[in-house]
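Here the structure comes first, spelled out in structure tokens, and everything after it is commentary.
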Amino acid sequence: MATPETFVNRAIRFGRALRRAGINTTSGQVMDFVRAVEHIDIGRRSEFREAARACLVTHRDDLEVFDKIFDLYWRAKPDFTAEAPDGVPPDDAIPFEDEEEGEGEGEEQQDGAEREGAEGRRRLEMVESTDEAADLDDSDSESDVFSYSAAEILREKDFADLTEEELAQTRRLMEQLQWRLGKRRSRRKVASPKGRFIDPRRTMRRSLQTAGVPLRISRRQVKLKPRQLVVICDVSGSMDRYSRILLQFIYAIENGMARVEAFVFGTRLTRVTRLLRHRSIDEAMERVAREVQDWSGGTRIGQSLQTFNQEWARRVLRNGAVVLIISDGWDRGDPEVLRQEIAKLQRSSYRLIWLNPLLGSPRYEPLTRGMQAALPYVDDFMPVHNLASLEALAKHLSSIDDHRPERRQQPLMSGTSSPAA
Amino acid sequence: MCLELNSVEAVQKALATQRYVCEESLATAIFLALRLPKPLLLEGEAGVGKTEVAKVLAAILDTDLIRLQCYEGLDVSHAVYEWNYPRQMLAIRILEDKSVARDEAMEEIFSSDYLIERPLLQAVRHKGKAPVLLIDEIDRADEEFEAFLLELLSDFQITIPEIGTIRAETPPIVIITSNRTRELHDALKRRCLYHWIDYPNVEKELRIITAKVPGISERLAQQVAVFIHQLRREDLYKLPGVAETLDWAAALLALNQQELSTEIASATLGAILKHQEDVQAIRKNKLEALVSTATAASGS
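Protein chains in written order, with the numbering used here: chain P, 55 to 475; chain F, 55 to 354.
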């Protein structure tokens, strides 16, 4: 098994790669970078990139080149593993100059290929999976700094392309995500020195000490409570590659937040809230699979939402609930039914969010009849194809606060509003 | 407890005298609630007559009905008691002028004289005949309130820090209703007898209509009952409850109708269906068939 290189070595090589590309990076800057990384959130790719830019680049003109090399170097953990499958020799002293020369050129060619699309991506992924497995095995012994790359790759990788091993890792990362749903005002009040409301009871008690003159007014404020979250997940055939991992995602939030109601549907709707309230995720998944008859069958989103509206909405959509629909929008039902039901669902929820795994692809356009019918009634249309998109979702959810963000402030997607002929 | 209510049958008959039509199972639940005595938790869709049970029971027993309407955020000061702060403030100034010692003043202003009784305290402090305490739509209150109710329901006592524990001389007859918009806590359910009130069948609904809408023709009443019964089989967001049936029957009577027709049903559909989508769907496709089924049934 390959011993992962230390971050310092990697940083040094990154510095060399930059120099070869014509950026005048000194070794002092590289060491600054190494020190800087200790102070940032390594799990966040953008933060990591900004830190690197700040330390290693001193000319505006170099930024573009820097970005390219950064992408290749820190995303793909490139060529030396591909070319030397045995991995990196443990000894730092062994020079890599020759291989690195090749590496630099290879990267640039690959860059083009990647932008072309699938072919390049596949090559990168091959590299990733071999390299990453080594990282994952060593995740405990390695520093946080190094695990950055592995986690980073995993964050960006489409759920549909995960290997079994990566799936397990993804699961672990999911559990670490912070799920915080925005708060809503309840009608309860709690004592608070700066509250808006007078607390007559405490004011009265206090005034006893001042001969009945209420010198100090006790106050109360409205108590904030977490919102209810309702997840309605598509488990039909077309969602096959996603539904299992997404159910694990529901399980993760179910266990991170108290108030989550979960439903799955294919041709009909099934409530799985109770099933997912199991100690072990495997057991929970097992039970869901057993209970849900139409796993991987056809899709009838409209009918399923109708069932939800008729039988469940009154029970689970209390007090400004946030609703997540997870589906690729492939619908074999009547789009008119879908339109009507989703309109109703939007009216009865505080915020309606549609998560579509296909939206992760830059070329995706929501052209299916089902998606077209639903879109005008969706408050947020977001991708849900990799960990990064789940993080974005988590962030969005915690921003849905006491004040409702405006509904549909802008056109949801370019291309959805059919331009006049 | 009234002597007459010494059997399930007696309860059923007594309810009938108040024009409340009920089957044996509900009568049994009520009978046991009175006998044990235990709170009775009634669940069922909106408009099937849950609240009515408490009202009718108070009438039969000739006792007071104390009603607590639940809502989110309902707390002790609205459900149990509140101090009369302005009066307390004034009293304290007066006592101060009279140079009354502070301890004494405290005792004075935190006495029952300054206590405002809210429904639950009223029920516990009620003198004489046990009142009927209706805790309506408990599913609207939040979990905190439900937890608070537990002490009251098991011991019929309430603790006020400044005064002490107040215990009911005669435990109130407690009826709790829920529309099941959320699941109630098991701890609460354990303390109650439980009964689910379903939509009535055609015969029962007919009896309810004739009992509650005097002056309606037998023929029209039957058509209404059959129509509503059929309507409840449709895919609707909100199925009509008995309350809607009665509203509609009364509306038809007010319009001097002797018989259902598609036109009049269409014009009065708003009395039964409360969702625009439901009204549209029924008016568009189903109304004629429903009316003809109803009129055919009454004709035979």
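C-beta atoms are modelled at their ideal positions from N, C-alpha and C, and glycine is treated no differently.
Proximity test, Cβ basis, 8 Å: residue i and chain F
i, result
"residue 254/P", "yes"
"residue 69/P", "no"
"residue 258/P", "yes"
"residue 266/P", "yes"
"residue 61/P", "no"
"residue 262/P", "yes"
Distance between residue j and residue i (C-alpha atoms, nearest Å)
i, j, result
"residue 298/F", "residue 285/F", "12 Å"
"residue 481/P", "residue 419/P", "Shown here, chain P extends from 55 to 475; a query on residue 481/P therefore has no answer."
"residue 281/F", "residue 428/P", "35 Å"
"residue 277/F", "residue 348/F", "5 Å"
"residue 332/F", "residue 379/P", "24 Å"
"residue 114/F", "residue 188/F", "15 Å"
"residue 369/P", "residue 142/F", "43 Å"
"residue 66/F", "residue 111/F", "11 Å"
"residue 276/P", "residue 247/P", "12 Å"
"residue 149/F", "residue 88/F", "47 Å"
"residue 130/F", "residue 267/P", "26 Å"
"residue 246/F", "residue 279/P", "29 Å"
"residue 266/F", "residue 226/F", "28 Å"
"residue 61/P", "residue 434/P", "39 Å"
"residue 322/P", "residue 303/P", "21 Å"
"residue 410/P", "residue 351/F", "51 Å"
"residue 218/F", "residue 160/F", "14 Å"
"residue 260/P", "residue 167/F", "20 Å"
"residue 163/F", "residue 232/P", "50 Å"
"residue 344/F", "residue 286/P", "34 Å"
"residue 179/F", "residue 340/F", "54 Å"
"residue 69/F", "residue 263/F", "15 Å"
C-beta neighbour in chain P for residue i, strict 8 Å
i, result
"residue 146/F", "yes"
"residue 142/F", "yes"
"residue 302/F", "no"
"residue 156/F", "yes"
"residue 162/F", "no"
"residue 139/F", "yes"
"residue 77/F", "no"
"residue 150/F", "yes"
Residue i in three-state terms, based on DSSP
i, result
"residue 325/P", "strand"
"residue 316/P", "strand"
"residue 426/P", "helix"
"residue 134/F", "coil"
"residue 144/P", "With a pLDDT of 35 at residue 144/P, under the threshold of 50, the modelled position of this residue cannot be trusted; read the value that follows with caution. Here residue 144/P sits in coil by DSSP."
"residue 183/F", "coil"
"residue 435/P", "strand"
"residue 250/P", "coil"
"residue 324/F", "helix"
"residue 226/F", "coil"
"residue 116/F", "coil"
"residue 453/P", "helix"
"residue 100/F", "coil"
"residue 79/F", "helix"
"residue 287/P", "strand"
Test item: CB-CB of residue i and residue j under 8 Å
i, j, result
"residue 243/F", "residue 95/F", "yes"
"residue 69/P", "residue 84/P", "yes"
"residue 251/P", "residue 270/P", "no"
"residue 206/F", "residue 212/F", "yes"
"residue 62/F", "residue 85/F", "yes"
"residue 269/F", "residue 307/F", "yes"
"residue 201/F", "residue 174/F", "no"
"residue 306/P", "residue 228/P", "yes"
"residue 359/P", "residue 399/P", "yes"
"residue 296/F", "residue 102/F", "yes"
"residue 403/P", "residue 438/P", "no"
"residue 352/P", "residue 392/P", "no"
Near-chain P residues of the stretch 113-130 of chain F - C-beta to any C-beta below 9 Å: 125, 126, 127, 128 and 129
Contact residues within the stretch 218-239 of chain F, judged by C-beta distance below 7 Å to chain P: 234, 235 and 236
Listed from N- to C-terminal order along the chain, which residues in the stretch 391-417 of chain P have their beta-carbon within a distance smaller than 8 Å of any beta-carbon of chain F? 394 and 398
Compile a chain-ordered list of the residues in the stretch 316-336 of chain F whose CB is closer than 8 Å to at least one CB of chain P. 331
If contact means a Cβ-Cβ distance below 7 Å, which residues of the stretch 360-372 of chain P contact chain F? 363, 364, 368, 369 and 372
Between the stretch 63-89 of chain P and chain F, which residues of the former have CB atoms less than 8 Å from a CB of the latter, in chain order? none
With 9 Å as the limit, tell me which residues of the stretch 222-250 of chain P have their beta carbon closer than that to any beta carbon of chain F; keep them in chain order. 240, 241, 242 and 243
Within 8 Å of chain P by C-beta, residues of the stretch 280-305 of chain F in sequence order: 289, 290 and 291
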